[in-house]
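Peer 1: Count along the sequence shown from 1, then add 10; that gives the number in this note's numbering. All residues carry an ideal CB built from backbone N, CA and C; glycine is no exception. If you're wondering where the values come from, they're calculated on a predicted model, not measured in any experiment. This is the structure I have questions about; it appears just below.
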Amino acid sequence: MFGKSKKTTGLTYIAQGSKITGESHFDGETLVGGAIYGKINAESKLTIEANGLVDGELTCQELKVSGLFRGKLCCEKLTICGTGTVEGEVASKSMEIFEGGQFIGMRVKEEVNLLKQLGNDSETATELRLQTQE
Numbered sequence: 011m012f013g014k015s016k017k018t019t020g021l022t023y024i025a026q027g028s029k030i031t032g033e034s035h036f037d038g039e040t041l042v043g044g045a046i047y048g049k050i051n052a053e054s055k056l057t058i059e060a061n062g063l064v065d066g067e068l069t070c071q072e073l074k075v076s077g078l079f080r081g082k083l084c085c086e087k088l089t090i091c092g093t094g095t096v097e098g099e100v101a102s103k104s105m106e107i108f109e110g111g112q113f114i115g116m117r118v119k120e121e122v123n124l125l126k127q128l129g130n131d132s133e134t135a136t137e138l139r140l141q142t143q144e
């Protein structure tokens, strides 16, 4: 009753037939049934429904694709469902593709998180950059 209230974020739904262009930021879970074009930053899970389209540069915690993603993706977890297609460059810690799902592009190694963990040890960070460029 008198405790601190937790900050909750709502659900964002981009309905089929809707179109968003430009730079977008979503705090809570996001469902895309329409189309989003541009640079997208989602703090939580983003789901592209069967008729949904995301075209651009996306950064999120988790992406679940039943529709189409086209562009550059950086996430912790990627799931491509049976009706989903991902086209482009993907940097993710884990990737799961269900039967019927398509991945067209390349998966790249993301060194940014590793370098952030190293903190102020610039000598080690420089060595890692040189190793990844070889």
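#1: What did DSSP end up calling D65 once you bin it into helix, strand or coil?
#2: Per DSSP, V42 forms a beta bridge with which residues?
#3: Which same chain residues end up closer than 8 Å to A25 when comparing Cβ atoms and leaving out the 5 residues on each side of it in sequence?
#4: From the DSSP output, in three-state form, read off T19 for me.
#5: Give the range of the beta strand (DSSP E) segment to which T93 is assigned.
#6: Distance, Cα to Cα, T57 vs G27?
#7: Rounded to a whole number of angstroms, what is the C-alpha to C-alpha distance between D37 and G110?
Peer 2: Short version:
#1: Your numbering for residue 65 matches position 55 in the sequence shown. Note: D65 maps to strand in three-state DSSP.
#2: As a working mapping, residue 42 is identified with position 32 in the sequence shown. Looking at the DSSP assignment, V42 forms a beta bridge with I24 and I58.
#3: On the sequence shown, position 15 is the one that residue 25 refers to. Excluding sequence neighbours, A25 sits near G43 and G44.
#4: Here residue 19 refers to the residue found at position 9 when the sequence shown is read from its first residue. Assignment of T19 by DSSP, reduced to helix, strand and coil, places it in the coil class.
#5: Position 83 of the sequence shown, counted from the start, is the residue given in the question as residue 93. DSSP places T93 outside any beta strand (DSSP E), giving it a letter other than H or E.
#6: Residue numbering aside, residue 57 sits at position 47 when the sequence shown is read from its first letter. Residue numbering aside, residue 27 sits at position 17 when the sequence shown is read from its first letter. CA-to-CA, the gap between T57 and G27 works out to about 16 Å.
#7: Here residue 37 is taken as the residue at index 27 of the sequence shown, counted from 1. Here residue 110 is taken as the residue at index 100 of the sequence shown, counted from 1. When rounded, the separation of the alpha-carbon atoms in D37 and G110 is 31 Å.
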